[in-house]
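Worksheet for the structure shown next.
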Amino acid sequence: MTPGSASLVARPVLQTGGETGNPATFVADLLEGLGVPPTFADPAGAAITFLVVLAAFVVGGRALVVPLVSRLLDAQGLETHAKRPLKKLTTVIVVFVGIAVAFGFAGYGDFLQSLATIAAAATLAIGFAMQDVIKNFVAGIFIFTDKPFRIGDWIEWDDHSGVVEDISFRVTRVRTFDNELLTVPNSQLTDDVIKNPVAKETLRLQFLFGIGYGDDIEHATEIIVEEAERHPGILGDPAPSVRLTELADSYVGLKSRIWIDNPSRADFVKIRGEYVTNVKRRFDEEGIEIPFPQRDLSGNVELNTPAEGGAALGDD
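At position 44 of the sequence shown the residue is numbered 44 (the UniProt record's numbering), and the sequence of numbers has no breaks.
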């Protein structure tokens, strides 16, 4: 037996992937050629192989995979707040894959298998303990991909409304119109109906004007349309319209439909308020009554008064 073959036999069994051609074995042979004892050459070769492969994956992933994912996200039209966490997630996946491949190249197959088993058990336990967190995380992904609303949008859901200030993978933060900050789990915004009045470029507003039964319906309709056409914030196309929609107990209901451009909560409140004020002023000038509920009482009312000379209550 030659000295070279004896050194091969003397190698410890640590290198589980020590077949011919394995990178860790190749590095170990180079170290032995440089005079490193075989006892240290094998673990050192595996460690060096692991670090080199991992570094190559991390550098290659940041140079190739992350920019590719970034271009795909740009093509989808995602905003900066949505792209940032997705890029971080891509980097984590690249590092995780790099660790797995590096374990294989280093000859740590048995260790990698044990690690995978432990990771699977841990994932199952964490999954049960973090069901709500995972649910909100998945809902956050749907919000990023479906884009039902964006930062700065005015949204309404359940009995709440406000302007979206921030969207993360777990929660969405909404500033109410009373300046209160709501931290809403994303699952609530994906499981229920969400109204986004500013999702489109235009928004239709409706308001019900009540006039008296003795007033001229056509004249009142003309006033409502004229005031809409005069307001600079109300669009002429689609044109304002008025329909008689109610014959209530005390009034005739005329519903006005107007459109505004580039809607926001401030525009919605301001334009509607100015428009309704102008119509009310014209009604007053033209003698058109905006009635209020009235009740007529009939029957006899009897009052019981004390007899003359009788003692008043509370007298001594």
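Idealized CB from N, CA, C, for every residue including glycine.
Computed from a prediction, not measured in an experiment: that's the story for all the values here.
- If you draw a straight line from the Cα of ARG282 to the Cα of PRO148, it comes to about 40 angstroms.
- Secondary structure of PHE50 (DSSP, three-state): helix.
- For VAL133, same chain residues with a beta-carbon under 8 angstroms away, outside a window of 5 residues either side, are ARG170 in chain order.
- Burial is judged here by how many other beta carbons sit within 10 angstroms of a residue's own beta carbon; GLY236 has fewer than 16 and is exposed.
- Relative to the Cα of GLN76, the nearest Cα in the group THR145, PRO43 and PHE50 belongs to THR145.
- Ranking VAL252, PHE207 and THR190 by CA distance to the CA of ASP158 puts THR190 first.
- DSSP, reduced to helix, strand and coil, places GLU180 outside both helices and strands of the structure shown, so it counts as coil.
- By the criterion of at least three beta-carbon pairs nearer than 8 angstroms, the stretch 212-228 is in contact with the stretch 270-288.
- Looking at the backbone, the Cα of THR202 and that of ASP261 are separated by about 5 angstroms.
- Closest in C-alpha terms to ALA199, from the list LEU89, PHE50, ARG230 and GLY152, comes GLY152.
- The alpha-carbon of ARG150 is positioned some 17 angstroms away from that of LEU181.
- Taking C-beta atoms under 8 angstroms as the contact rule, TYR251 and GLY210 qualify, at a distance of about 3 angstroms.
- In terms of CA proximity to LEU208, LEU254 leads the group LEU254, LEU54 and VAL53.
- For ASN136, the number of other beta carbons within 10 angstroms of its own is at least 16, and it is reported as buried.
- Between the beta-carbon of GLU289 and that of ASP178 there is about 35 angstroms, and that puts the pair past the 8 angstroms contact cut.
- If the five residues before and after ILE234 are omitted, its C-beta is found closer than 8 angstroms to the C-beta atoms of ALA228, PRO240, ILE258, TRP259, ILE260, ILE271 and TYR275, all from its own chain and listed in chain order.
- Of the candidates SER168, ASN186, ILE167 and HIS160, HIS160 places its Cα closest to the Cα of THR176.
- The shortest C-alpha to C-alpha distance from HIS219 to any of LEU205, VAL242 and ILE93 is the one to VAL242.
- For ILE167 against ILE194, the beta-carbon gap comes to about 13 angstroms, at or over 8 angstroms, which does not count as contact.
- Looking only at SER187, THR90, PHE103 and THR91, the smallest Cα-Cα distance to VAL138 is reached by SER187.
- DSSP lists ILE155 as the beta-bridge partner residues of GLY162.
- Apart from the 5 residues on each side of it in sequence, GLY61 sits with its Cβ closer than 6 angstroms to the Cβ of VAL94 in its chain, given in chain order.
- In the DSSP secondary-structure assignment, GLU222 is not bridged to any residue.
- One Cα belongs to ALA55, the other to ALA47, and the distance between them is close to 12 angstroms.
- In terms of Cα proximity to GLY162, the closest of ILE143, LEU89, LEU72 and SER264 is SER264.
- Judged by DSSP in its simplified three-state form, GLU246 adopts strand.
- Non-local beta-carbon contacts of VAL52 in its own chain, meaning distances under 7 angstroms to residues more than five positions away in sequence, are absent.
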